[in-house]
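**Q** Residue numbers (numbering that gives the first Met the number 0): 0 to 291.
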Amino acid sequence: MKLRFFTIFSLFILLTATKCEDDTPTYTEPEIKDRTEQYLQVEKDSIQEFLQTHRYTLDAQYNVEIDTLDDPTTQTSIWDDPNLQTIQVTDQEVEDLVYELYYIPFTTGTQNQINKYDRILTSYKGYTLDLNIFDAAIDDLPAWFYLDGTIDAWKEVLPFFKDGTYTPNDDGTVTFSGYGAGFMITPSGLAYYNIPKSGIPAYSPLIFTFKTFLDDKDNDNDNVPNMAEDIDQDGDPTNDDTDEDNIPNFFDDDDDNDGVKTIDEDTNGDGDPTNDDSDGDGIPNYLDEDTH
């Protein structure tokens, strides 16, 4: 009995000691590489090589299939597509580094021009250069995004597109039409750079195909369009915060923090709070904390 007890006790000590060892996986942040060297010496060539060695096909709904170029005599590479566009984008950290951001507008859309501060309803697929899909939103279940909260490449490309319209169906679904659709390929410096994401290694150029179904120009639903909330008119509504509550006006449904929502300070009831000034001081009620 004593031997058995000693054996069990020894086993318990061994297991306890083993358990005390730190077996938590360690995360090592990828080396932060020089942004200019990473783009000019690595990614620029790999992006252009991809465009030169791949092609795409479209169906009537602008669904895209990307494939390798099998026969250059009968197939057109993405690089040689006459619709391929290039945007010159300056890096936000290195002012003399300029990226080439490529995109193709399959159709630009028919309705509202997208602004980078808008909220958009989109379907999309995201690929790495080996054509592994790391993320997607299908046409039947599109996703809303605040465009200003996406990667820089999206903020640069999508304002070249418009949204479309939709028709409700009897079964509760909707049919979209007249929307924009396109393709883009971006260097990592306009995406996640050295930060790995699920399915995306660090320093990965990315490919997106996308459709721009709807564009919402009133993020806080207060009947004041996003760009009308750019009070200082510098083209950037993110730095306009009338009540200084750290919420930009275009996300704040009570812009003057007077306890009355902006949409309810539309005294004349015409659907536009910007033209109501009850005390005649030149400040619309919705921005005037002493007027409701």
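Even glycine gets a Cβ: it sits at the ideal position worked out from N, Cα and C.
(1) Would you please state the rounded distance, in angstroms, between the beta carbons of L286 and D244? I believe it to be under 8 Å.
(2) Alpha carbon to alpha carbon, what distance is there between E228 and T56?
(3) Kindly indicate the opening and closing residues of the beta strand (DSSP E) around I103.
(4) Across the stretch 115-124 and the stretch 67-86, are there enough close Cβ pairs to call them in contact, namely three or more that are closer than 8 Å?
(5) Per DSSP, what kind of secondary structure is V88 in: helix, strand or coil?
(6) Are the beta-carbon atoms belonging to L140 and I119 less than 7 Å from one another?
(7) Look at the alpha carbon of V41 and the alpha carbon of F175, and state the distance between them as a whole number of angstroms.
(8) Quick test of your reading: D90 and Y101, contact by CB under 8 Å. State the CB separation rounded to the nearest angstrom.
(9) At 4 residues or longer, and completely inside the stretch 122-166: list those alpha helix (DSSP H) runs for me, N to C.
(10) Going along the chain, which residues of its own chain have a beta-carbon closer than 6 Å to the beta-carbon of D180, five neighbours each way excluded?
(11) Grouping DSSP H, G and I as helix and E and B as strand, with all else coil, what is G179?
(12) Whose C-alpha, out of K115, I65, F182, D263, is nearest the C-alpha of F144?
(13) Near D80, which residues of its chain fall below 7 Å by C-beta distance, leaving aside the five closest residues on each side in sequence?
(14) Identify which residue in I184, F250, T266 has its Cα closest to the Cα of W78.
(15) Just reading off the beta strand (DSSP E) that T208 is part of, what are its end residues?
(16) Terminal residues of the continuous alpha helix (DSSP H) containing I65?
(17) Return the residue from the list P186, G108, S203 that minimises the CA-CA distance to L157.
(18) Straight-line CA distance for G270 to D278?
**A** According to the data block:
(1) No, L286 and D244 are not in contact; Cβ-Cβ is about 13 Å, not under 8 Å.
(2) 41 Å
(3) 97-107
(4) no
(5) strand
(6) no
(7) 40 Å
(8) Not really, about 16 Å apart at Cβ, beyond 8 Å.
(9) 151-156
(10) First, the amino acid is wrong: residue 180 is Ala here, not Asp. The residues are Y61, F105, T106, K210.
(11) strand
(12) K115
(13) I103
(14) I184
(15) 205-215
(16) No alpha helix (DSSP H) holds I65; the beta strand (DSSP E) holding it covers 63-67.
(17) G108
(18) 19 Å
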